[in-house]
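Residue numbers (our numbering), protein chains in the order written: chain A, 1 to 232; chain B, 1001 to 1381.
Cβ atoms here follow ideal geometry from the backbone N, Cα and C, with glycine treated the same way.
Notes follow the structure.
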């Protein structure tokens, strides 16, 4: 009974309190939200140990069963970082000193690894775009056209292509002056229109739905209707 | 005394007005100052560079400089003060060649307010929201049948779990980079509960790499409970729900590694994702897994739509718990949400018409004022 009811009472009390504090600037209500966030930060600081325990236990168990190179590298890197961090702390008074071994590890191993992962995104975008833009349906064709125009409107080659088109048009219709037409930057204009009007409208529609869904979910949690996060 | 009065009078002459007042709707410790310098003292030959604000606790006491604002501003908020204490102020307009001083104003005291008047509109809207939700929840509780549209992404959960089982491959579930404080993570937990129950029934392994240790603990509890409900607590393996890292691309690399090694038959991306979304979803696609994504991160939705088989868009994620466990109270809140959406739609259409008309008929002040009124009602200060 207490295991299920107590969390619901705490949730209701905390939820209502935070709603009320939004409208009361007077102490102690005014800074309560900030204070709750500080408490959360303190608790989450301790939970890093929980995570570390889970990670080390999992990979040690794996290593005990049979030698696994991934688990070995992970544990080795983890303890190496920890040792270098402590060593830098003792030698340079802070692990974040620019010439410390810890920062060397961060600058020359962690940052390049992060950059490598991020760089992979370019290739993944290309393969995902290829699949998404295949004009198999009417919607996919629309997406393909819109995406092509937006891309052309955002890169210098778009402007260069438009100048070629403008030259072609003014050759066929001599009354239309080339300079004026070339200045129009049609791809950029259409691209801006797509991004500002239809794209924004769809985005805001989703945003309104998400916000309302979030409010409904919050009310369900506060009132104890939504209990999926509580174990019986 | 006479000299002081004459001095004050001379000082006053430079400024049109100088006002000091307790900053409204705040937690105290703050006084606001407003001023306007007379037109005849604003010249291009001797322009005002900035204004300096001086404060004292006594009218005849020593005034200390507490801040400055650039010449285009005529407002200053003095913070960090003690409540219920007298303060006196003087504004100095620092010009190119000389300095103009205002009269000494005060005493003024700061106080904390019990209600933030600027948020009155939010309070009214919050009350309306609560009333609508409670009305529909009560209606549903009384037994009224409420229709809920099909959400194909949620219907596909059973198929996805079944497919992974048939292929003899595990299931991978990820909360992304969400924390337990995100509502979307709570919504993802309810989806996880359903998946875990199905996985337990079918005896399929469920792998959950985590970005946040608190989410990991919540996931472990949810899965354990689901396995218990399914009558298969023996299948629960805590080691499959592990903490990976709290580094964005480290997490992406870790998940990708697990996907490439374990080759899951079904992958669920449910929660909050950032730039790593496509890296994850494309790797899942590369191993031929059926993928069901769900996020409220609008910027990542196109990536999931392009790379996954099903995507829960924004609110569909929040509706998941109601859809998967259609209890009357849950459905009632969904119906309330739909009703509010209809109201917002009507308000948006009316506001758009009024805003357009107010621009077309610029001299028709009633429309302009009406538009400003609507804008103020829905603006959070």
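Residue from the options with nearest C-alpha to residue i
| i | options | result |
| --- | --- | --- |
| residue 128 (chain A) | B:1304, B:1366 and B:1379 | B:1304 |
| residue 203 (chain A) | B:1289, B:1233, B:1296 and B:1130 | B:1296 |
| residue 1173 (chain B) | B:1166, B:1167 and B:1185 | B:1185 |
| residue 1290 (chain B) | B:1267, B:1280 and B:1336 | B:1267 |
| residue 1343 (chain B) | B:1128, B:1196 and B:1093 | B:1128 |
| residue 948 (chain B) | B:1136, B:1197 and B:1100 | The requested residue 948 (chain B) is not part of the displayed model; chain B covers only 1001 to 1381. |
| residue 1244 (chain B) | A:74, A:33 and A:32 | A:74 |
| residue 1216 (chain B) | B:1152, B:1176 and B:1365 | B:1176 |
| residue 1248 (chain B) | B:1229, B:1227, B:1275 and B:1241 | B:1275 |
| residue 119 (chain A) | B:1368, B:1278, B:1229 and B:1152 | B:1278 |
| residue 16 (chain A) | B:1136, B:1152, B:1126 and B:1192 | B:1126 |
| residue 1113 (chain B) | B:1105, B:1084, B:1137 and B:1124 | B:1084 |
| residue 1135 (chain B) | B:1329, B:1352 and B:1373 | B:1329 |
| residue 1238 (chain B) | B:1250, B:1031, B:1310 and B:1225 | B:1225 |
| residue 1331 (chain B) | B:1167, B:1283 and B:1141 | B:1141 |
| residue 116 (chain A) | B:1250, B:1272, B:1032 and B:1170 | B:1250 |
Delimiting residues of the alpha helix (DSSP H) encompassing residue i
| i | result |
| --- | --- |
| residue 1122 (chain B) | 1120-1141 |
| residue 1304 (chain B) | 1301-1307 |
| residue 58 (chain A) | 32-65 |
| residue 221 (chain A) | 198-222 |
| residue 1052 (chain B) | First-last for residue 1052 (chain B): 1048-1056, but that is the beta strand (DSSP E), not the alpha helix (DSSP H). |
| residue 1449 (chain B) | Because chain B spans 1001 through 1381 in this model, residue 1449 (chain B) falls outside it and cannot be assessed. |
| residue 1215 (chain B) | 1213-1229 |
Own chain, CB closer than 8 Å to residue i, minus 5 neighbours either side, in chain order
| i | result |
| --- | --- |
| residue 1098 (chain B) | 1046 |
| residue 166 (chain A) | 178, 181, 182 and 184 |
| residue 97 (chain A) | 88 and 103 |
| residue 92 (chain A) | 99 and 100 |
| residue 30 (chain A) | 21 and 24 |
Contacts that residue i makes with chain B (C-beta to C-beta distance below 7 Å)
| i | result |
| --- | --- |
| residue 210 (chain A) | 1296, 1314 and 1315 |
| residue 47 (chain A) | 1213 and 1214 |
| residue 64 (chain A) | The contacting residues do not exist; residue 64 (chain A) stays about 12 Å from chain B at best. |
Distance CB(residue i)-CB(residue j) smaller than 8 Å
| i | j | result |
| --- | --- | --- |
| residue 1213 (chain B) | residue 47 (chain A) | yes |
| residue 1260 (chain B) | residue 1223 (chain B) | no |
| residue 1207 (chain B) | residue 1262 (chain B) | yes |
| residue 1258 (chain B) | residue 1218 (chain B) | no |
| residue 1056 (chain B) | residue 1088 (chain B) | yes |
| residue 239 (chain A) | residue 143 (chain A) | This structure cannot settle anything about residue 239 (chain A), because the visible part of chain A is limited to 1 through 232. |
| residue 1269 (chain B) | residue 1281 (chain B) | yes |
| residue 219 (chain A) | residue 1364 (chain B) | no |
| residue 55 (chain A) | residue 1242 (chain B) | yes |
| residue 1229 (chain B) | residue 1194 (chain B) | no |
| residue 1235 (chain B) | residue 1200 (chain B) | yes |
| residue 11 (chain A) | residue 224 (chain A) | yes |
| residue 1324 (chain B) | residue 1190 (chain B) | yes |
| residue 1182 (chain B) | residue 1272 (chain B) | yes |
| residue 1354 (chain B) | residue 1156 (chain B) | no |
Contact set for residue i: own chain, Cβ-Cβ below 7 Å, skip 5 residues either direction
| i | result |
| --- | --- |
| residue 1313 (chain B) | 1301 |
| residue 1096 (chain B) | 1046, 1047 and 1049 |
| residue 1187 (chain B) | 1317, 1318, 1320 and 1321 |
| residue 1116 (chain B) | 1025 |
| residue 1118 (chain B) | 1025 and 1381 |
| residue 1003 (chain B) | Note that residue 1003 (chain B) has pLDDT 45, beneath the 50 cutoff, so the model's placement of it is unreliable and the number below is only indicative. Closer than 7 Å at the Cβ level, and outside the excluded window around residue 1003 (chain B), lies no residue. |
| residue 147 (chain A) | 133 |
| residue 1076 (chain B) | 1033, 1053, 1067 and 1069 |
| residue 1080 (chain B) | 1029 |
Neighbouring residues, chain A, relative to residue i (Cβ below 7 Å)
| i | result |
| --- | --- |
| residue 1183 (chain B) | 214, 217 and 218 |
| residue 1051 (chain B) | The premise fails here: residue 1051 (chain B) is roughly 27 Å from chain A at the closest Cβ pair, so nothing lies under 7 Å. |
| residue 1336 (chain B) | 216 |
Chain B residues whose Cβ lies nearer than 8 Å to that of residue i
| i | result |
| --- | --- |
| residue 114 (chain A) | 1247, 1248, 1249 and 1250 |
| residue 226 (chain A) | 1186, 1190, 1321 and 1330 |
| residue 61 (chain A) | 1239 |
Neighbouring residues, chain A, relative to residue i (Cβ below 8 Å)
| i | result |
| --- | --- |
| residue 1113 (chain B) | 25 and 26 |
| residue 1027 (chain B) | 25, 26, 27, 30 and 31 |
| residue 1216 (chain B) | 50, 51 and 54 |
| residue 1174 (chain B) | Within 8 Å Cβ-Cβ: nothing; residue 1174 (chain B) doesn't reach chain A, min ~15 Å. |
| residue 1341 (chain B) | 208, 209 and 212 |
| residue 1243 (chain B) | 50, 51, 52, 54 and 55 |
| residue 1205 (chain B) | Here the premise fails: no neighbours, minimum Cβ distance about 14 Å. |
Enclosing beta strand (DSSP E) for residue i [first to last residue]
| i | result |
| --- | --- |
| residue 1242 (chain B) | 1241-1243 |
| residue 1079 (chain B) | 1075-1079 |
Contacts around residue i, its chain only, beta-carbon distance under 6 Å, and the 5 residues preceding and following it disregarded
| i | result |
| --- | --- |
| residue 153 (chain A) | 187, 188 and 191 |
Chain-ordered neighbours of residue i on chain B, where CB pairs are closer than 9 Å
| i | result |
| --- | --- |
| residue 131 (chain A) | 1285, 1306 and 1307 |
| residue 117 (chain A) | 1248, 1249, 1250, 1252, 1253, 1256, 1276 and 1279 |
| residue 104 (chain A) | Those do not exist, as residue 104 (chain A) stays about 18 Å from chain B at its closest Cβ, beyond 9 Å. |
Neighbour list for residue i in chain A, Cβ cutoff strictly below 9 Å
| i | result |
| --- | --- |
| residue 1138 (chain B) | Those do not exist, as residue 1138 (chain B) stays about 12 Å from chain A at its closest Cβ, beyond 9 Å. |
Cβ-heavy atom distance, residue i to the ligand SAH, below 7 Å
| i | result |
| --- | --- |
| residue 85 (chain A) | You won't find the ligand SAH in this model; it holds no ligand whatsoever. |
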